[in-house]
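Here the sequence shown stands for residues 318 to 718, numbered as in my numbering.
By construction, the Cβ of each residue, glycine as well, lies at the ideal position given by its N, Cα and C atoms.
Just so it is clear, the structure is predicted and the values come from calculations on it, not from any experiment.
In what follows, a single structure is set out as structure tokens and then discussed.
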Amino acid sequence: MSWIESNSNTIKIIVCILFLLKGFGIIFLNYSFWDYVFVLLLFILGFKAVSFNEKYSKLILLYIFFLLLSCIYSWMYNEQRFYIVFFHSYTYLSIFFYFYLLNTKASSNSIEKVIEYVSIIFCLCYLLQYYIYPIIIFSGAEDETNITKYTYRMRMPGSICCYTLLLYGINKFLVQKKIIYVAYCILAMYVIIIQGFRSLVSLTILAVVLMIPFVTKKITLSIIIWITIGGAFFYALNNISLFQEKYEEMMRRTDKQQTFSNQDYIRWLSLDYYWNYQFSSPVEKIVGGGNPVDKTSEYYRDIEHAINFYGYYWVDLGIIGLSMVIGTPATLILIIIYILIMIGVKDTKYQYIRFTLFTVLAGSIFTSMELFRQGNILLLSLFMYMEYILKKEKKTIQLLS
């Protein structure tokens, strides 16, 4: 009981996040009406702490303003009902959770525990669904486009968690040398490989290599040592049948010329369609057409037709696709927030934050929607608050000394 009492703030935030993440897409929380509940809850939780004085506050409020503009444009010109577009933009509005964190006044240690535990729970839930499939607990397993007889590329809300856990484990192991963090790395890498994103696997490996000298402060020797250890680790993984199967699956997509060098690559065709036909208005290119969620609108039906008939997914265009929906200013502000956090986190103990965001941001330029996948913007608020509170705690220590 004493442990629970001393960690009550941490537990409260974890429970809140798991609920707002829809239990990582657990079936009974995945109905659309929950978006109304979650948006209202976000604003109730964070309203008291809304301020223009705290770091990131102005950017968040400006971002929400431009997001509202895209909803208004969608209502006026794309015939989507405003309240439907607004509430079903919950994924993008979840950045408001930052204000709730300000309200809790949680310490950096508390928030780091939240990041650690939520990331572990995500990975365990992903593996649970993988091993019990075709029994379905999480809605991501219902995706017949990405889960077939030959592939298993399930998406779950909060996908940033597996990259966080891998880099967190490596970062902490380099600093503390505790074997438990190796277990974290294995768990996270297991999930990353099963997900089967070619670009994100490559970027994750790059992030690990880049992060090591930032943590150890020894550039040449540390890189050689840890690349050797990492190479041996991946060689060992390659002898496991599951990893061989996932590697072959990724190579099959490459053999089918699913690369940017192919002019008929689906993403080039998708970009041409959405940029030149669907979002052809110059104003819409800036303001955004709004989240396509109102089934009564022609706008929604056109995009659904492009997805179902041609396989053109605007979300697969990454940041470019996002800018067409929520607008260029809102997208740029989101990118600026990512970059500010990356620049602001300087302590060697927290480099996993910088390189998790690097992986997600770089991977979303034109290949995936990890930057704005359901739940990831909510989790971004944790990293925002972490960077903010670390600087605040550092200033307090300096004043006391």
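Residue range of the alpha helix (DSSP H) that includes residue i
i    : result
Y480 : 477-493
P451 : No alpha helix (DSSP H) holds P451; DSSP gives it neither H nor E.
I503 : 497-512
I464 : No alpha helix (DSSP H) contains I464, which DSSP labels as neither H nor E.
H622 : 615-622
Q715 : 693-717
N326 : 325-337
L586 : 583-590
E601 : 599-604
N420 : 414-421
L688 : Segment: none, L688 is in no alpha helix (DSSP H) and carries neither H nor E.
L639 : 635-643
G363 : 351-363
L376 : 374-394
Y630 : Where Y630 is concerned, there is no enclosing alpha helix (DSSP H), given that its DSSP letter is neither H nor E.
F403 : 399-404
Residue i versus the options, residue with shortest Cα-Cα distance
i    : options                : result
L444 : N395, I511, F416       : I511
I361 : T648, Q668, Y417, S516 : Y417
G486 : M528, E601, V518       : M528
E429 : I331, R470, Q397       : I331
F364 : L338, S411, E396       : S411
I432 : S516, L376, G475       : G475
I636 : P530, R584, D352, L717 : R584
V499 : L688, A679, L483, F689 : L483
Y501 : S519, R515, C478, S516 : C478
A524 : S427, A679, R470       : A679
Y627 : L586, A647, G661       : L586
L707 : Y667, E396, I334, N463 : Y667
Q397 : S614, M686, T462       : S614
C-alpha gap between residue i and residue j, whole angstroms
i    : j    : result
R472 : S681 : 15 Å
E710 : E704 : 10 Å
Y394 : G605 : 11 Å
M701 : Y669 : 13 Å
I522 : F382 : 37 Å
F596 : G638 : 10 Å
S349 : H405 : 8 Å
K712 : E371 : 14 Å
W392 : K663 : 43 Å
E621 : C388 : 19 Å
I656 : K534 : 22 Å
V526 : F399 : 46 Å
K495 : L688 : 31 Å
F341 : K489 : 25 Å
Y629 : R618 : 13 Å
K602 : D589 : 13 Å
L645 : L386 : In the sequence under discussion, the amino acid at residue 645 is Thr, which differs from the Leu named in the question. Looking at the two C-alpha atoms, the distance is approximately 11 Å.
Y409 : W351 : 15 Å
L441 : S519 : 23 Å
D572 : Q446 : Note that D572 scores a pLDDT of 47, beneath 50, so its modelled location is shaky and nothing firm can be said.
V492 : S427 : 19 Å
L717 : T465 : 60 Å
I509 : P451 : 20 Å
T468 : P609 : 28 Å
G513 : N463 : 10 Å
S456 : M686 : 18 Å
Beta-carbon spacing of residue i, residue j below 9 Å
i    : j    : result
I654 : Y373 : yes
G607 : Y616 : yes
Y390 : V600 : yes
Y284 : T676 : Because residue 284 is not part of the residues shown, which for the chain are 318 to 718, the question remains open.
L384 : I652 : no
M641 : Y591 : yes
L337 : L357 : no
V402 : D611 : yes
L379 : I694 : no
Y339 : Q715 : In the sequence as presented, Tyr is not what sits at residue 339; that position holds Lys. Their beta carbons are not under 9 Å apart, which means K339 does not touch Q715 by this criterion.
I454 : I624 : no
V532 : T665 : yes
F413 : S698 : yes
A366 : L419 : yes
L696 : I449 : no
Contact test: residue i Cβ vs the ligand GTP heavy atom, cutoff 8 Å
i    : result
S374 : Looking at this structure, you won't find the ligand GTP or any other ligand, since it has none at all.
Residue i at chain B interface by Cβ criterion, 9 Å
i    : result
T713 : Checking the listed chains, one finds no chain B in this structure; it contains a single protein chain.
Q. If we count Cβ pairs, one from each stretch, closer than 8 Å, do we get three or more for the segment 323-336 versus the segment 420-429?
A. Yes, since at least three Cβ pairs between the segment 323-336 and the segment 420-429 fall closer than 8 Å, the two stretches touch.
Q) With a cut-off of 8 Å, do at least 3 Cβ pairs link the segment 427-441 to the segment 499-517? A) yes
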